[in-house]
Every structure is written in structure tokens, then in C-alpha cells.
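Undergrad: Every position in the sequence shown, counted from 1, becomes a number in my numbering once 284 is added.
C-beta: ideal position from N, C-alpha, C; glycine also.
I'd like to ask you about the structure that follows.
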Amino acid sequence: MKKRSNSESTNPTVIEVIRYRTGVFDPWHAPLEAAMFEEEDSQLPLGNPARPIFQWVSAQRVMALRESCATDGASVLECVFECAMSGLVMPDWLSQAFVNRYRAVKHFKERSWDAADAFGKPHPTGTNLTARRKERQNGIVVYSGVRTLLKAFPNRAIDKGLFEEVGAPLGLGATTAEKYYYKTKKRMEMSRPKRS
């Protein structure tokens, strides 16, 4: 358990009691506060996706996608990715969903992995991968640049001038930078866990 200073109470917190009794941090059932508490004691390098806070976020994302996994193979793959990236053991329902879709192809019920009953097409027909990759990479930079400027200058308007300033170093016009910003903002908000 985490050591307390003399000024702190000697009574353990609920989070400490749970951790002490189980001996393990459970990102599937722990509240955010427990993940933050565990984060303080983590020996893993910063940014490592197996750190407690990242495991907790991945578990939240997986649970948020549970319902769509029943009908959407891409959601199943997204959940498997989250578990693999963060070193989480898949919940039984996810293991079963993956196995069912995998076997649909391996047992010759479906012709290929992109069949609807397997995992579905990864991208719609006609998707320009180069343009989508550029949008995703530059979208993060634009989003971060806008957030940084708004934090430094809270009264600054979100307008064409802002997007011109952020987009110029990337070779993007204001309209493209604005499009990237809002798409990335929406993606970031969707991936953020819902507070209960």
C-alpha cells in the first residue's frame, strides 16, 4: 500500500482496502479514482499502455462497445485491440464474439474476413487511404494546436483566423484545418469514457 505522511489520516481509504483485500487492481470494475491511485504506484514507464489509467480507459471503451459487438464485427476487433494493447484479459462475452466471427470464416460459413458475419469491411469501398491517413495524422496536430492556443488565449475566437494559423505550418488551408479539427474533436469525445 501507498505510504502516508504523518499529516494524513491513518485510516485506509476504500480504494486501499479493496486493493489490499484483492491484491490486484481490476480495471473492469474499479472506479476512475482507483485507477488514478494505482497510477501513483505504477513501475511501468510513462506512456506504457499497460499502466493502470490506460487499462481503465481501455476497459471503459470495451464496455461501451459491448452492445454493438453483437452486430458489428469491427467493434469486436476494436475491443480485441483495446485488450491486446493494454494487456487486459478479454471478458468472456468478447472472447465468444471473437471466436464466433473467426469460426464463421475458418468453418467455411463465410468466404472472407470482411464478410458481415465475420468482421466486415475495414473501410468503405472507394476510401482514399492516403487522404484518410493524412487527415488522421494532421487532425491530431490541428486539434492539439487549437486546444493549446485556446488555453493560452481563452478569449480567442474559434474562427477562420485561428484555423489559418494552426493549419499553415502543415500546409493546410483554414477550411481543411477546421474540418480536421472538428472530426478529431468528435473522435476524441467518442473515445472518452462516459462518467457514471
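How far does the alpha helix (DSSP H) with Met347 in it extend, from its first residue to its last?
TA: 336-353
Undergrad: Reducing DSSP to helix, strand and coil, say where Lys470 ends up.
TA: helix
Undergrad: Below 6 Å CB to CB, which residues in the same chain sit around Lys405 once its five sequence neighbours on both sides are set aside?
TA: Within the same chain, Lys405 has close Cβ partners Asp398.
Undergrad: Terminal residues of the continuous alpha helix (DSSP H) containing Arg395?
TA: From DSSP, Arg395 is part of no alpha helix (DSSP H); its letter is neither H nor E.
Undergrad: At 4 residues or longer, what runs of the alpha helix (DSSP H) sit wholly inside the stretch 358-433?
TA: Runs found: 376-390.
Undergrad: Alpha carbon to alpha carbon, what distance is there between Trp340 and Ser326?
TA: 13 Å
Undergrad: Just confirm the distance between the C-beta atoms of Val425 and Leu446, as a whole number of angstroms; I'd bet it's less than 8 Å.
TA: Actually they do not touch by this definition, with Cβ atoms about 14 Å apart.
Undergrad: Take Arg345 and list the residues in its own chain whose beta-carbon comes closer than 6 Å to its own, dropping the five residues that flank it on each side.
TA: Cβ-Cβ distances below 6 Å link Arg345 to Glu366 in the same chain, with the five nearest sequence neighbours on each side left out; the list follows chain order.
Undergrad: In terms of residue numbering, what span does the alpha helix (DSSP H) encompassing Leu316 cover?
TA: For Leu316, the uninterrupted alpha helix (DSSP H) segment begins and ends at 316-325.
Undergrad: In three-state terms, what does DSSP make of Leu328?
TA: coil
Undergrad: Note down the Cα distance separating Tyr466 from Ser428, rounded to an integer number of angstroms.
TA: Answer to the nearest angstrom: the Cα atoms are 12 Å apart.
Undergrad: What residue does the alpha helix (DSSP H) around Val450 start on, and which one ends it?
TA: Going by DSSP, Val450 is part of the alpha helix (DSSP H) stretching over 444-451.
Undergrad: Short of 8 Å in beta carbon distance, which residues of its chain neighbour Lys286, apart from the five on each side in sequence? Order them along the chain.
TA: A caution first: Lys286 carries a pLDDT of 44, below 50, which makes its placement in the model unreliable, though a value can still be read off. Excluding residues within five positions, the ones whose Cβ falls inside 8 Å are Glu300, Phe321, Glu324, Asp325.
Undergrad: Go ahead and pull the three-state DSSP assignment for Leu456.
TA: coil
Undergrad: Using C-beta distances below 7 Å, list every residue in its chain close to Glu362, excluding the 5 sequence neighbours before and after it, in chain order.
TA: Leu349
Undergrad: Please state whether DSSP places Ala436 in a helix, a strand or coil.
TA: helix
Undergrad: Please classify Ala441: does DSSP put it in a helix, a strand, or coil?
TA: coil
Undergrad: To the nearest angstrom, how far is the alpha carbon of Leu372 from that of Gly455?
TA: 40 Å
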